[in-house]
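This report refers to the structure that appears directly beneath it.
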Amino acid sequence: MQIGFHGAARTVTGSRYLLSLDHYRLLVDCGLFQGGFEMHQRNWRPTPFRPSSVNDVVFTHAHIDHTGYFPRFAGDGFTGRALATPPTKALLGVLLPDSGGLQEEEARWANKKGFSRHQPAKALYTEDDAMRSLQLLHRLEFDQETPLHKGLKVKLHRAGHILGAAFAEIRYRDGDAGWKTVVFSGDLGRRGVPILQDPAPLPACDVLVCESTYGDRLHEPTDPKEQLRRELEDAFRRGGFTVIPAFAVGRTQEVLYHLFELFEEGRLPKVPVYVDSPMANSVVELYCRYRSEHDVEMNELEEASGSPLQTPYFTVVRKRDESKKLNFERGPGIVISASGMATGGRVLHHLLHRLRDERNTVLFVGYQAEGTLGRRLLEGETDVTIMGEGLAVKAAVRQIPALSAHADANELIAWMKTAPAPPKTVYLTHGEPAAQDAFAERLRSELGLKVHVPEPDDVVEV
Ligand SMILES: [Zn+2]
Numbered sequence: 036m037q038i039g040f041h042g043a044a045r046t047v048t049g050s051r052y053l054l055s056l057d058h059y060r061l062l063v064d065c066g067l068f069q070g071g072f073e074m075h076q077r078n079w080r081p082t083p084f085r086p087s088s089v090n091d092v093v094f095t096h097a098h099i100d101h102t103g104y105f106p107r108f109a110g111d112g113f114t115g116r117a118l119a120t121p122p123t124k125a126l127l128g129v130l131l132p133d134s135g136g137l138q139e140e141e142a143r144w145a146n147k148k149g150f151s152r153h154q155p156a157k158a159l160y161t162e163d164d165a166m167r168s169l170q171l172l173h174r175l176e177f178d179q180e181t182p183l184h185k186g187l188k189v190k191l192h193r194a195g196h197i198l199g200a201a202f203a204e205i206r207y208r209d210g211d212a213g214w215k216t217v218v219f220s221g222d223l224g225r226r227g228v229p230i231l232q233d234p235a236p237l238p239a240c241d242v243l244v245c246e247s248t249y250g251d252r253l254h255e256p257t258d259p260k261e262q263l264r265r266e267l268e269d270a271f272r273r274g275g276f277t278v279i280p281a282f283a284v285g286r287t288q289e290v291l292y293h294l295f296e297l298f299e300e301g302r303l304p305k306v307p308v309y310v311d312s313p314m315a316n317s318v319v320e321l322y323c324r325y326r327s328e329h330d331v332e333m334n335e336l337e338e339a340s341g342s343p344l345q346t347p348y349f350t351v352v353r354k355r356d357e358s359k360k361l362n363f364e365r366g367p368g369i370v371i372s373a374s375g376m377a378t379g380g381r382v383l384h385h386l387l388h389r390l391r392d393e394r395n396t397v398l399f400v401g402y403q404a405e406g407t408l409g410r411r412l413l414e415g416e417t418d419v420t421i422m423g424e425g426l427a428v429k430a431a432v433r434q435i436p437a438l439s440a441h442a443d444a445n446e447l448i449a450w451m452k453t454a455p456a457p458p459k460t461v462y463l464t465h466g467e468p469a470a471q472d473a474f475a476e477r478l479r480s481e482l483g484l485k486v487h488v489p490e491p492d493d494v495v496e497v
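For the sequence shown, the residue numbers in our numbering are 36 to 497.
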């Protein structure tokens with residue numbers, strides 16, 4: 036079998052891995068490249084394989100950097116099945132049309148402000164394209180081995196990263212050598228994080244294609260809830276508004292969970308909290324609906340007092356004019372809005388409005404990829420351009436590093452050790468070069484593993 040690394044190679048976005056077995060082709064994830072101009076341009080390059088030549092797609096989870104290219108891929112000729120766990124399928128029903136809407140909005144802005152290289156600027160795909168692509172989705176239940184092709188089976192295991200997230204175990208018949216196993220980690224979550232069940236153990240495998248986002252870092256041992264409390268207390272003291280750019284899927288729900296507990300425990304003043312992202316609000320509903328995915332603590336809270344994610348503490352903002360009205364709200368108060376890396380979405384309007392005032396705070400609660408506005412703000416840039424408008428950054432820019440949906444280097448190693456035997460070969464993907472090289476070295480020296488770090492579009496025989 037061959038594996039082609041056509042995305043998330045030497046970078047953290049655009050996950051696309053093509054498996055070829057005889058004439059059968061399976062694409063694992065179909066992600067959008069995100070961050071900076073160069074990444075943006077990569078989405079416009081045709082894939083090195085024809086979409087119509089791919090039989091099936093399997094999604095590990097719903098995040099756009101793993102799924103957001105799919106509407107374009109379907110528009111370019113893919114007509115096979117796209118398989119996902121039931122919660123992932125439900126999430127994609129929200130995320131992909133939203134992504135199409137964002138693509139259209141970006142193109143409109145670019146035309147209005149004249150900052151596109153295309154004249155007129157075009158959308159990579161539209162909301163309608165995304166809606167059409169949803170028709171190709173099929174459910175694949177967790178923990179059920181399913182044959183996709185003669186001599187190839189797939190099983191999805193819980194990865195604990197976001198609702199519905201899985202790692203994919205693919206077993207295939209390797210001629211006379213018998214059955215072999217390759218596992219794609221997708222994005223691996225952390226143990227003991229609120230709401231969702233912990234990641235399942237790694238099965239025995241010949242090849243592990245493993246993410247390495249935090250390959251050179253360890254999360255702070257500090258309790259993220261306590262960090263959130265301290266940062267918000269400081270922010271409230273400054274008197275302004277706090278903007279929390281948060282991924283609509285996963286991070287928003289985790290922040291809400293912590294805020295609920297802090298308010299209930301009386302450890303934080305009850306200030307108004309606005310969840311200003313129609314998508315995040317739809318996703319909150321899905322997080323509540325899929326109770327089979329909840330961990331013990333979440334179930335207990337739900338039984339005691341209803342869902343901690345839907346309480347009177349939190350105001351759901353849906354309409355655009357309600358969102359704009361928040362500009363006139365005086366602090367202290369919190370607005371949680373997407374996108375998490377400030378690459379698009381309503382959070383840009385909040386940043387445009389709030390960054391100029393030193394009383395305000397921008398609190399990042401997730402990973403900020405190279406080239407994104409979030410990363411530039413965190414690195415202390417004081418002059419930024421948002422939606423074509425230049426401004427001087429005066430607001431406090433803070434981060435909660437302990438909040439992460441990704442396992443760190445030690446946690447990835449601990450997960451690898453849950454396998455009955457170590458994987459024979461590891462391919463590291465979904466990481467920036469420094470993180471990948473450091474992690475590869477650790478795996479070689481500490482675990483004695485054979486490790487490769489593929490370059491974009493490398494194809495290997497396994
Ligand atoms: Zn993810």
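Beta carbons are placed, not taken as given, at the ideal position from N, Cα and C, and that holds for glycine.
Are at least three pairs of beta-carbons, each pair with one atom in the stretch 254 to 263 and one in the stretch 470 to 481, less than 8 Å apart? no
Can the beta-carbon of residue 194 be found less than 8 Å from the beta-carbon of residue 224? yes
What whole-angstrom Cβ distance do residue 98 and residue 222 have, given they're in contact under 8 Å? 7 Å
Whether residue 312 touches residue 270 by CB criterion (8 Å): no
Which residue spans inside the stretch 237 to 314 form an unbroken alpha helix (DSSP H) run of at least 4? 259 to 273 and 286 to 299
Residue 101 CB to nearest heavy atom of ligand 1 below 7 Å: yes
Can the beta-carbon of residue 391 be found less than 8 Å from the beta-carbon of residue 429? yes
Proximal residues to residue 408 (C-beta, below 6 Å), its chain only, five neighbours per side dropped: 377
According to DSSP, residues forming a beta bridge with residue 190: 204
When 348, 55 and 441 are compared against residue 250, the one with the closest alpha-carbon: 441
For ligand 1, is there a heavy atom less than 7 Å away from the beta-carbon of residue 222? yes
Proximity below 8 Å, CB of residue 328 to CB of residue 198: yes
For residue 447, would you say it is in contact with chain C, using Cβ-to-Cβ distances shorter than 8 Å as the test? Of the chains in the structure shown, none is chain C; there is only one protein chain.
Going by beta carbon distance, what residues of the same chain come within less than 6 Å of residue 159, once the five residues before and after it are set aside? 78, 107 and 138
Within 7 Å: the Cβ of residue 230 and any heavy atom of ligand 1? no
Does the beta carbon of residue 98 fall short of 7 Å from some heavy atom of ligand 1? yes
Pop quiz: residue 63 and residue 95 are said to be a contact at Cβ under 8 Å. What is the actual Cβ separation, rounded to whole angstroms? 7 Å
If you draw a straight line from the C-alpha of residue 289 to the C-alpha of residue 229, how long is it? 7 Å
Could you check if residue 196 belongs to the surroundings of ligand 1, using beta carbon to heavy atom distance under 7 Å? yes
3 or more residues per run - each beta strand (DSSP E) lying fully within the stretch 347 to 388: 349 to 352 and 368 to 372
Going along the chain, which residues of its own chain have a beta-carbon closer than 8 Å to the beta-carbon of residue 332, five neighbours each way excluded? 229
Give the single residue among 347, 423 and 389 whose Cα lies nearest to the Cα of residue 363. 389
Taking only the alpha-carbon atoms, compute the straight-line gap between residue 317 and residue 129 and give it to the nearest angstrom. 7 Å
Any idea what DSSP makes of residue 170, helix, strand or coil? coil
Rounded to the nearest angstrom, how far is the Cβ of residue 343 from that of residue 336, given a contact under 8 Å? 5 Å
Ends of the beta strand (DSSP E) at residue 498? Beyond the ends of the chain as shown, which are 36 and 497, falls residue 498; an answer cannot be given.
Return helix, strand or coil for residue 72, following the three-state DSSP convention. helix
Taking the alpha-carbon of residue 417 as reference, which of 326, 393 and 435 has the nearest alpha-carbon? 393
Since residue 368 contacts residue 401 with CB under 8 Å, what's their CB separation in whole angstroms? Their Cβ separation, rounded to whole angstroms, is 21 Å, which puts residue 368 and residue 401 out of contact at 8 Å.
For residue 109, the first and last residue of its enclosing alpha helix (DSSP H): 105 to 110
For the beta strand (DSSP E) holding residue 214, just list the boundary residues, first then last. 214 to 219
Confirm, please, whether the CB-CB distance from residue 484 to residue 500 is below 8 Å. The requested residue 500 is not part of the displayed model; the chain covers only 36 to 497.
Could you name the residues of the same chain whose beta carbon sits closer than 6 Å to that of residue 379, not counting the 5 residues immediately before and after it, in chain order? 137
Please list the terminal residues of the continuous alpha helix (DSSP H) segment that includes residue 411. 408 to 413
In the DSSP assignment, the beta strand (DSSP E) including residue 93 goes from what residue to what residue? 91 to 93
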